[in-house]
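Protein chains in written order, with my numbering: chain A, 701 to 983; chain Z, 256 to 590. We put the beta carbon where it would ideally sit given N, CA and C, even for glycine.
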Amino acid sequence: MKVFLDLFKDYRFVFSFVVLVFILILALMSFASPFDPTLWNVVPRDMPPSGEYWLGTDSNGQDIFWQATFAVRNSLIISLIAGLVSRVIAILVGMVAGYNGGATDRVLMFISDGLLVIPIFLIFVLLSMLMREYMNLALLGLMLSLLSWPWDARLIRSVILSLREREFTKTAILSGTGTVSLVLKEYLPFATPLIFSTLINNIAFAIGLEITLAFLGLVNLTIPTLGTMLNWAITYQAILLGRWYWVLTPVVLSLFLFIALYWLSVSISEYLDPRTRIQRVGA
Amino acid sequence: MTFLKRYLIPRLIQYVLVIWLGITAVFLIPRVLPSDPVMAMIGMMRARGSTLEPGAMDDIIADLTEMYGLEGSWLDQYWAFWGRLFQGDFGVSFFNFPARVNDLIGNAMPWTLGLLLTTTILTTVFGNIIGGLAGYYSKKPWARTLDAIAMVIRPLPYYIFAFALILVFGWVVRWFPITGGASIGAQPALTWPYIKDVLWHAFLPGLSLTLLGGAVTFQTMKLLVQNVNAESFVQYAKLSGVTEGRIVSKYVIRNALLPQITGLALSLGQIFSGALITEIVYGYPGVGMLLYNSIIRADYNLIMGITIFSIVGITTAILIVDLTYPLFDPRVRYY
Chain A
701 MKVFLDLFKD YRFVFSFVVL VFILILALMS FASPFDPTLW NVVPRDMPPS GEYWLGTDSN
761 GQDIFWQATF AVRNSLIISL IAGLVSRVIA ILVGMVAGYN GGATDRVLMF ISDGLLVIPI
821 FLIFVLLSML MREYMNLALL GLMLSLLSWP WDARLIRSVI LSLREREFTK TAILSGTGTV
881 SLVLKEYLPF ATPLIFSTLI NNIAFAIGLE ITLAFLGLVN LTIPTLGTML NWAITYQAIL
941 LGRWYWVLTP VVLSLFLFIA LYWLSVSISE YLDPRTRIQR VGA
Chain Z
256 MTFLKRYLIP RLIQYVLVIW LGITAVFLIP RVLPSDPVMA MIGMMRARGS TLEPGAMDDI
316 IADLTEMYGL EGSWLDQYWA FWGRLFQGDF GVSFFNFPAR VNDLIGNAMP WTLGLLLTTT
376 ILTTVFGNII GGLAGYYSKK PWARTLDAIA MVIRPLPYYI FAFALILVFG WVVRWFPITG
436 GASIGAQPAL TWPYIKDVLW HAFLPGLSLT LLGGAVTFQT MKLLVQNVNA ESFVQYAKLS
496 GVTEGRIVSK YVIRNALLPQ ITGLALSLGQ IFSGALITEI VYGYPGVGML LYNSIIRADY
556 NLIMGITIFS IVGITTAILI VDLTYPLFDP RVRYY
């Protein structure tokens, strides 16, 4: 509890916490939605916001508010899959490369540097263009995870590299600790804050890339996500026709989501890094 | 000589290997995925409503297989693929037939290069100077304000930020054009009105790229400067009465700049992707727009060409940044 009280002294954490709770509630409300998000013309089309349709209705005949609840839920699912799977890859690569060193390290770091340098956005375009007909939430999440681990693997590797030189490593090895348990029990706790903050950044990255791919029409447009909602709004010229409530709903939701995720990761990593914590207490 | 052996040759080998890795990935992706580009193409033709005789269909399949380079075993295809690349031949575009992919990319490249070079230089110069000053004077109100602004801009993805700027400047206050690289019908010429027109159109895309990239450079530079500030040689310089301007420019910023150069090299790929996305949002006639059109029309050759061009271009740019590193850090000598 004390951790929370300390964190709540940071306005950025308070903001992120409130926004994320709001967005989670929104995502959970999708289970109570009176409409099926994949059907068209369930409500009258192109109605402005009113007491009955809180955020109006779109040109496909969907209620924008309820559509947004599904969009938030699906975007979160995609990004969570992407974030968690890529974390597993990053941890494995980072720890194996950092602990083994030598040729293993060089090969793994060559691959991750290669991925880091190549404009992977274009590889995503190529992949999703060819996979468009098979695309679903889980597959999109996996695809995003496969190419977004290199930077984080490098960070984790650098932590392990410095831990390997510490005194307690020798003590552990000499007292008969196996490699696996040494890495998992002794090293992983040191890397946890880093893994957590990269997870949050990765989730934001995945949501952003999904929006971009959806804008290019490279995902399944019948599944509502923040990206596909925006895609439909642009396709139907919602800006030109003055249907601001349709365009602004996904744009404002994603703006808040991105800022909240970033601020959360900054405030937590500042809290976990003792040097900046001392600075804040002193200030 | 040792410079060659110790640094240049390993770095060049790495450069060649990364390009090989990237281009091999581009070769493999369509071949390991379950979808068949030839049948997808025929599906598109059918969807447009063209009916075909059974015999004509076989001819088309054979032609497309040849054009995509899908004849023979994978190994044969791979050799033929590299053979064409070394001749600098990316084939013809399907939907701008018979325009060559090389020419299409060549026409779009100056727009992208212009936008990218200008914004990268602006970002690097201003991001580092302002970030450095804000790090040195981190307690001043203006530094805190800039920091707060960067905290808001930094997390936004290129697409959302560009779109938000369009909504504000293109629709709400209509100061800038929202699409195109120049006014329709303007004749390309080296005259002031044309240049002014191009700059006016480039303003919003350039602004969104500069602000996004600048926020990142600003934040990292501020952090780096704050770390250098705590070093004892800075304290010593202060106590010895070195003027503040000299400390900031010669001692602090110069030392903090070094990791920034490495950072720039590593993020060039992302900056390039971001520029493509920004171009698409603003309808800017560069490589990004070409990519967008080729996605809509499933112009497979063109996408391959753009991807390969970009991989080679980005890795070369990074190599150049890496090789200029000793110019900034006199301690690094490659011999």
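Rounded to the nearest angstrom, the gap between the Cα atoms of A:G783 and A:N902 is 5 Å.
Contact between the segment 547–567 of chain Z and the segment 482–491 of chain Z is absent: fewer than 3 CB-CB pairs across the two stretches fall below 8 Å. Annotation: the continuous alpha helix (DSSP H) that includes Z:P460 extends over W447 to N484. Here A:Y834 is exposed, its C-beta having fewer than 16 other C-beta atoms within 10 Å.
Excluding its 5 nearest sequence neighbours in each direction, A:S965 has C-beta neighbours in its own chain below 6 Å: S897, I900 and N901, listed in chain order. Not a single unbroken stretch of the beta strand (DSSP E) spanning 3 or more residues falls wholly within the segment 827–859 of chain A. In the DSSP assignment, Z:L401 falls within the unbroken alpha helix (DSSP H) covering P396 to I408.
Z:V347 is bridged by DSSP to Z:R355. Residue-level contact check: Z:M406 touches chain A, since one or more beta carbons of chain A fall below 8 Å from its beta carbon. With 16 or more other Cβ atoms from the protein chains shown falling within 10 Å of its own Cβ, Z:F473 counts as buried. For a Cβ distance threshold of 9 Å, residue set I415, F418, A419 and L422 of chain Z lies close to A:V951, ordered along the chain. Excluding residues up to 5 positions away in sequence, A727 and S730 lie with their Cβ nearer than 7 Å to the Cβ of A:R773 in the same chain. Across the structure, Z:G338 and Z:F527 are spaced so that their CA atoms are roughly 27 Å apart.
Using a Cβ-Cβ cut-off of 8 Å, A:L955 is close to L411, I415 and A419 of chain Z, given in chain order. In the displayed model, A:D746 falls within coil according to three-state DSSP, outside both helix and strand. The alpha-carbon of A:K870 is positioned some 11 Å away from that of A:L863. DSSP places Z:D584 in the coil class of the three-state scheme, outside both helix and strand. Using a Cβ distance threshold of 8 Å, A:L953 and A:A732 do not count as a contacting pair. Counting the other Cβ atoms within 10 Å of the Cβ of A:R712 gives 16 or more, which makes it buried. If you look at Z:T533, you'll find it in the alpha helix (DSSP H) that goes R509 to Y537. Cβ-Cβ separation between A:M829 and Z:I573: approximately 26 Å, too far for a contact (criterion under 8 Å). It is roughly 38 Å from the alpha-carbon of A:F890 to the alpha-carbon of Z:T374. Of all residues in the segment 511–530 of chain Z, only L521, G524, F527 and S528 place a beta-carbon less than 7 Å from a beta-carbon of chain A. Residue-level contact check: A:I778 does not touch chain Z, since none of the beta carbons of chain Z fall below 8 Å from its beta carbon. Assigned with DSSP and collapsed to three states, A:T879 falls in helix. Chain-order list of chain Z residues neighbouring A:L918: I550, by C-beta distance under 9 Å. Not one beta carbon of chain Z lies nearer than 8 Å to the beta carbon of A:W932. For A:F958, a Cβ of chain Z is located within less than 8 Å of the residue's own Cβ.
Residue pairing from DSSP places A:D763 in a beta bridge opposite A:T757.
Chain A has a Cβ within less than 8 Å of the Cβ of Z:G277. For a Cβ distance threshold of 8 Å, residue set P410 of chain Z lies close to A:L961, ordered along the chain.
Against chain A, the beta carbon of Z:L272 has neighbours under 9 Å at F810 and G814, listed in chain order.
Here DSSP, grouped into helix, strand and coil, assigns Z:S504 to helix. Look at Z:L411 here: in three-state DSSP terms it is coil, with no helix or strand label. A904 and G908: these are the residues of the segment 892–910 of chain A whose beta carbon lies less than 7 Å from some beta carbon of chain Z, given in chain order. Each of Z:A457, Z:T434 and Z:F583 was checked against the Cα of Z:I508, and the nearest Cα belongs to Z:F583.
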